[in-house]
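Chemist: Below you will find the structure I want to go over with you.
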Amino acid sequence: GQQVMQIPQYQHVQEGEDFTTYCNSSTTLSNIQWYKQRPGGHPVFLIQLVKSGEVKKQKRLTFQFGEAKKNSSLHITATQTTDVGTYFCASGTASKLTFGTGTRLQVTL
Amino acid sequence: ETGVTQTPRHLVMGMTNKKSLKCEQHLGHNAMYWYKQSAKKPLELMFVYSLEERVENNSVPSRFSPECPNSSHLFLHLHTLQPEDSALYLCASSRNPMGEKLFFGSGTQLSVL
C-alpha cells in the first residue's frame with residue numbers, strides 16, 4: 000500500500016500563530032485526504048486532493064498537493080483554540096486507506 | 058453526530074473474557090470497517106466489509122472476530138485478548154469500498170487487564 004510519513008509529530012503554538020503539517024511519500028500518491036481528530040474524539044474528514052499542484056482552502060485552512068504528488072501540506076492561518084487536535088493525512092481508496100501518524104496541535108492563549 | 062454509532066464507548070475486560078463491540082451506520086453506506094488506534098501509531102485497518110462480505114483482513118489475530126449481518130451493522134467479537142490489544146477501536150463506513158471519505162464512529166476505548 001501507499002506509505003505516508005507525517006511531520007512534525009507535535010506542535011505547540013500560541014493562539015494567532017500559524018501552523019503547518021506535512022505529509023510525505025516516496026511514491027506517487029493517487030490522492031491525499033486530511034482528517035482532524037479532536038482530543039477524545041474520532042477522525043473527521045476535512046478534504047481530499049487528487050490533482051497535481053492542487054490547492055484548496057477552507058476558511059483559515061489551506062491544503063496543498065505537491066506537483067509530483069508525493070507530498071501534501073495543511074496550513075492553518077492564525078490558529079484558534081478550536082484548532083486543537085490531531086491532523087492526519089491519508090491516501091488510497093476507502094478500503095485501502097493508509098494513514099500517516101498524525102500531527103498533534105496544541106494551541107494556548 | 059456522524060451517522061455512525063458505536064457501543065460501548067468504554068470497555069474494560071480481563072484476558073479470559075468474551076465481549077463484543079457494536080457499530081451501526083445510518084448513512085445507507087455499503088462498506089464498513091474496523092480500525093485500531095494505538096498511541097503513536099498510524100490508524101490500522103483491521104477488517105473491511107462490502108455488502109456484508111469481508112473483503113479485507115489485514116493479518117489480524119483470530120482473537121478478533123468480525124461479523125456483518127447486514128450492510129448497516131458491524132460487530133467485533135473479542136475473546137482471550139492480550140493487554141497489548143488495549144486501544145481505541147473505531148468503526149467507519151463509506152459509500153462503497155472505492156469511495157472517497159470515511160465516516161467514523163466515536164470509538165470504543167478498550168482496556169484489557
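In order, the protein sequence lines correspond to chains A and B.
The numbering of the first sequence is my numbering, which starts it at 0 and goes up by one.
The numbering of the second sequence is my numbering, which starts it at 58 and goes up by one.
Each residue gets a CB set at the ideal place from its N, CA and C atoms; glycine is no exception.
Below 7 Å on C-beta distance, what does residue 73 of chain A contact in chain B?
Modeler: What residue 73 of chain A touches in chain B: nothing, since even the nearest Cβ is about 16 Å away.
Chemist: Should residue 99 of chain A be flagged as near chain B, meaning a C-beta pair shorter than 8 Å?
Modeler: It does; some Cβ of chain B falls within 8 Å.
Chemist: Let me check understanding here. Comparing Cα to Cα, which of B/138, B/117, B/96, B/154 lies closest to residue 109 of chain B?
Modeler: That would be B/154, whose Cα lies nearest to the Cα of residue 109 of chain B.
Chemist: Which one of A/96, A/70, A/13, A/32 has the shortest CA to CA distance from residue 4 of chain A?
Modeler: Closest option to residue 4 of chain A, Cα to Cα, is A/70.
Chemist: Does the stretch 136 to 155 of chain B touch the stretch 64 to 73 of chain B, meaning 3 or more C-beta pairs lie closer than 8 Å?
Modeler: Segments in contact, yes.
Chemist: Hey, could you find the ends of the beta strand (DSSP E) residue 105 of chain A is sitting in?
Modeler: First-last of the beta strand (DSSP E) with residue 105 of chain A: 102 to 107.
Chemist: Per DSSP, what kind of secondary structure is residue 140 of chain B in: helix, strand or coil?
Modeler: DSSP places residue 140 of chain B in helix when its eight states are reduced to three.
Chemist: Let me check understanding here. Comparing Cα to Cα, which of A/56, A/96, A/42, A/33 lies closest to residue 161 of chain A?
Modeler: Summary: the structure shown does not reach residue 161 of chain A, with chain A confined to residues 0 through 108, and so no result is reported for it.
Chemist: So residue 48 of chain A is in the beta strand (DSSP E); what residue range does that whole segment cover?
Modeler: Segment 42 to 48, the beta strand (DSSP E) holding residue 48 of chain A.
Chemist: Considering only their Cβ atoms, is the gap separating residue 159 of chain B from residue 144 of chain B smaller than 8 Å?
Modeler: Against a cut-off of 8 Å, the Cβ pair of residue 159 of chain B and residue 144 of chain B comes out as no contact.
Chemist: Between the Cα of residue 57 of chain A and the Cα atoms of A/31, A/67, A/76, which residue gives the shortest distance?
Modeler: It is A/76 whose Cα lies nearest to the Cα of residue 57 of chain A.
Chemist: Residues in the same chain with beta-carbon distance under 7 Å from residue 65 of chain B, minus the five sequence neighbours each way, listed in chain order, please.
Modeler: These residues qualify, in order along the chain: 165.
Chemist: Leaving out five residues on either side along the sequence, give the residues of the same chain with a beta carbon under 7 Å from the beta carbon of residue 87 of chain B.
Modeler: Within the same chain, residue 87 of chain B has close Cβ partners 107, 108, 128, 152, 153.
Chemist: With burial defined as no fewer than 16 other Cβ atoms inside 10 Å of the residue's Cβ, what is the status of residue 52 of chain A: buried or exposed?
Modeler: Exposed, because fewer than 16 other Cβ atoms sit within 10 Å of the Cβ of residue 52 of chain A.
Chemist: So with CB distances below 8 Å, who are the chain B contacts of residue 105 of chain A?
Modeler: Those within 8 Å of residue 105 of chain A in chain B number zero; the least Cβ separation is about 16 Å.
Chemist: Rounded to a whole number of angstroms, what is the C-alpha to C-alpha distance between residue 108 of chain A and residue 6 of chain A?
Modeler: C-alpha separation (whole angstroms): 24 Å.
Chemist: Using 8 Å as the limit for Cβ to Cβ distance, is residue 11 of chain A near chain B?
Modeler: Not an interface residue.
Chemist: According to a CB-to-CB cut-off of less than 9 Å, which residues of the stretch 104 to 136 of chain B neighbour chain A?
Modeler: Of all residues in the stretch 104 to 136 of chain B, 105, 107, 112, 113 have a Cβ within less than 9 Å of some Cβ in chain A.
Chemist: Residue 101 of chain B and residue 94 of chain A: beta carbons closer than 8 Å?
Modeler: Result no, Cβ atoms of residue 101 of chain B and residue 94 of chain A do not sit closer than 8 Å.
Chemist: For the candidate residues B/83, B/61, B/92, B/84, whose alpha-carbon lies nearest to that of residue 133 of chain B?
Modeler: The shortest C-alpha separation from residue 133 of chain B is found at B/92.
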